[in-house]
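Residue numbers (UniProt numbering): 1 to 230. For reference, the structure discussed in these notes is given below.
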Ligand SMILES: [Zn+2]
């Protein structure tokens, strides 16, 4: 299957928004002590509202794999046995079938409670809630991983998709929650700001215009950008 999204002449080839609503100048370059691994459902790639790619755009260490019902990506298969990484499956607590696998997260210890000398890697299922349930059920290679279950205090600010359940965070918001959990408040804020800027520009582009008034998030990211290049 061709997973390259459709890009029109009028779209920016990097952020994929209309050129008049391009957000590339706001994209932060985030360095983190943790890594993200996106297991993306094939239908997500073509969605302009997909936010998993915002994580990969901001955190260069992010790995992105396409999920398949029948096989595991060989590179992912190899990575899952890498002794230098502690993988976590990030999955909502509502699915009580996996309750015994839910472990408390700490930067300093392994899920077993031993002191850690590995890097934490969060596997995010970049999919709708219904797809995510199916992905977990049909991916036996995820069965041995400890589950990190988020119970976010804030509701999603994501208004782009209709029909979604309000208490489910989108993929980029989940990643920001995890950065918070890792003690990286500044990084979490950068990702939330970029997500906000994306949402704002996406909605404007859908109405055929750019953003005329600079938001607080745009201002913060611009400062960050200038701070980095100077
Ligand atoms: Zn762009």
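Think of the CB as a built atom: it goes at the ideal place given N, C-alpha and C, for glycine as much as any other residue.
Query                                                                                                                                          : Result
Three-state secondary structure assigned by DSSP to residue 234                                                                                : What is shown of the chain runs 1 to 230, which leaves residue 234 out entirely.
Proximity of residue 86 and residue 41 at Cβ, strictly below 7 angstroms                                                                       : no
Validate contact between the segment 72-87 and the segment 138-145 using beta carbons, cut 8 angstroms, 3 pairs                                : yes
For ligand 1, residues whose Cβ lies under 7 angstroms from any non-hydrogen atom                                                              : 12, 14, 15, 17, 22, 23, 24
For residue 125: DSSP bridge partner residues                                                                                                  : 39
Contact the segment 56-66 vs the segment 12-28: 3+ CB pairs below 8 angstroms                                                                  : yes
Chain-order list of residues whose beta-carbon lies under 6 angstroms from that of residue 178 (same chain, five-residue window excluded)      : 122
Beta-ladder partner(s) of residue 64, from DSSP                                                                                                : 38
Among 131, 175, 218, nearest to residue 52 - alpha-carbon criterion                                                                            : 175
Contacts around residue 159, its chain only, beta-carbon distance under 6 angstroms, and the 5 residues preceding and following it disregarded : At residue 159 the pLDDT is 49, less than 50, meaning the model places this residue with poor confidence and gives no usable figure here.
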